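What follows is a short report on a single structure.
In UniProt numbering, the protein residues as written are 1 to 260.
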């Protein structure tokens with residue numbers, strides 16, 4: 001088995017007397033797509049943001065590619081080769097699609113202090129390669145303000161890939177998208193992750209997306225990890241069914257759909 005790209009050991013976070021995350025441990029290997037799910041208030045976002053450096057853990061350790069991230073800022077963690085997308089996509093709406101990717105590339109290379117007239121000529125070829133990879137080459141010159149939300153989410157993925165990440169963190173990537181767009185985005189993410197050997201950790205409420213695209217699932221409840229395994233194992237786990245998915249859950253594999 002491959003060496004872990006991400007290793008989390010006994011991660012915990014307390015806010016006063018409230019234990020948001022309690023003694024959570026897991027690993028993620030290159031090329032693997034791992035979903036972190038659970039009911040509202042389970043501690044998913046807290047756990048996710050500790051990995052990204054936005055929240056400081058109360059206890060435990062996080063290693064990315066063997067390096068302890070204790071005390072690192074989100075930007076320092078990004079520099080380790082960590083890409084990030086957000087629940088609400090954030091792009092520069094006044095710029096074109098290509099210019100957004102160019103800015104991400106220049107940031108990765110610490111060249112954001114150049115004049116914009118010069119910057120517009122830099123990294124355009126590499127930006128176009130990334131846009132080709134995600135199927136948006138024909139949109140390169142479009143202003144982002146004119147784009148549909150599904151295309152903005154795909155552009156956000158392109159921006160995350162500009163960092164040439166080893167690890168990709170995706171916070172509810174399907175949020176706000178139409179059902180078909182959700183499937184297409186996650187299928188695209190999975191293909192790129194396997195081609196480039198990128199580890200993907202994502203949180204998601206859409207169970208269609210989770211069960212169709214995750215290699216492995218972790219389920220949190222009240223800050224504790226209650227189940228971990230492949231989709232089939234988690235789907236039939238009695239504790240998961242009782243606390244999150246529901247006792248009457250039936251998963252229709254043929255339709256890639258969760259029903260009750």
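Heads up, the beta-carbon is just placed ideally off N, CA and C, and yes, glycines get one too. These numbers come from a predicted model, not from an experiment.
Within 10 angstroms of its Cβ, does residue 18 collect 16 or more other Cβ (buried), or is it exposed? Taking the first residue of the chain shown as 1, we reach residue 18 at position 18. Answer is exposed; the Cβ neighbour count stays below 16.
Residue 205 and residue 172: beta carbons closer than 9 angstroms? Residue 205 sits at position 205 when you count from the first residue of the chain shown. Residue 172 sits at position 172 when you count from the first residue of the chain shown. Their beta carbons are under 9 angstroms apart, which means residue 205 touches residue 172 by this criterion.
For residue 61, write down the residues that DSSP places opposite it in a beta bridge. Start at 1 with the first residue of the chain shown, and residue 61 comes out as number 61. Answer is 9.
Going by C-alpha to C-alpha distance, which of 232, 227 and 135 sits closest to residue 26? Position 26 of the chain shown, counted from the first residue, corresponds to residue 26. Nearest C-alpha to residue 26: 227.
Starting from the N-terminal side, write out each stretch of the beta strand (DSSP E) that is 3 residues or longer and does not extend beyond the stretch 169 to 216. 199 to 203
Check whether the stretch 54 to 68 and the stretch 4 to 20 touch, using three or more Cβ-Cβ pairs below 8 angstroms as the test. yes
With H, G and I counted as helix, E and B as strand and the rest as coil, what does DSSP make of residue 116? For this step, residue 116 is matched to residue 116 along the chain shown. Summary for residue 116: the model assigns pLDDT 49, below 50, so the residue's position carries little reliability, and this model does not support an answer.
Our contact map puts residue 154 next to residue 96 with C-beta atoms below 8 angstroms; I'd like the distance itself, whole angstroms only. For this step, residue 154 is matched to residue 154 along the chain shown. For this step, residue 96 is matched to residue 96 along the chain shown. No, residue 154 and residue 96 are not in contact; Cβ-Cβ is about 14 angstroms, not under 8 angstroms.
In angstroms with no decimal places, state the Cα-to-Cα distance between residue 9 and residue 51. The residue you call residue 9 lines up with position 9 of the chain shown. The residue you call residue 51 lines up with position 51 of the chain shown. Taking the straight line joining both Cα atoms gives about 11 angstroms.
Express the C-alpha separation of residue 234 and residue 101 in angstroms, rounding to a whole number. Position 101 of the chain shown, counting from 1, holds the residue named residue 101. Position 234 of the chain shown, counting from 1, holds the residue named residue 234. Rounded to whole angstroms, residue 101 to residue 234 spans 37 angstroms at the Cα level.
Measure from the alpha carbon of residue 79 to the alpha carbon of each residue in 43, 30 and 161, then state which is nearest. What you label residue 79 is simply residue 79 of the chain shown in a count that begins at 1. Looking at the Cα atoms, 161 is the closest of the given residues.
In or out: residue 230 buried (at least 16 other Cβ within 10 Å) or exposed? Here residue 230 refers to the residue found at position 230 of the chain shown. Per the 10 Å Cβ criterion, exposed.
In three-state DSSP terms, what is residue 138? Taking the first residue of the chain shown as position 1, residue 138 is located at position 138. Here residue 138 sits in helix by DSSP.
By the 10 Å Cβ neighbour count, where 16 or more other Cβ atoms means buried, how is residue 213 classified, buried or exposed? Translated into positions along the chain shown, residue 213 becomes position 213. Label assigned to residue 213: buried.
Sequence-distant residues of the same chain with beta carbon closer than 7 angstroms to residue 46, five excluded per side: As a working note, residue 46 is residue 46 in the chain shown. Cβ within range, chain order: 13, 20, 21 and 55.
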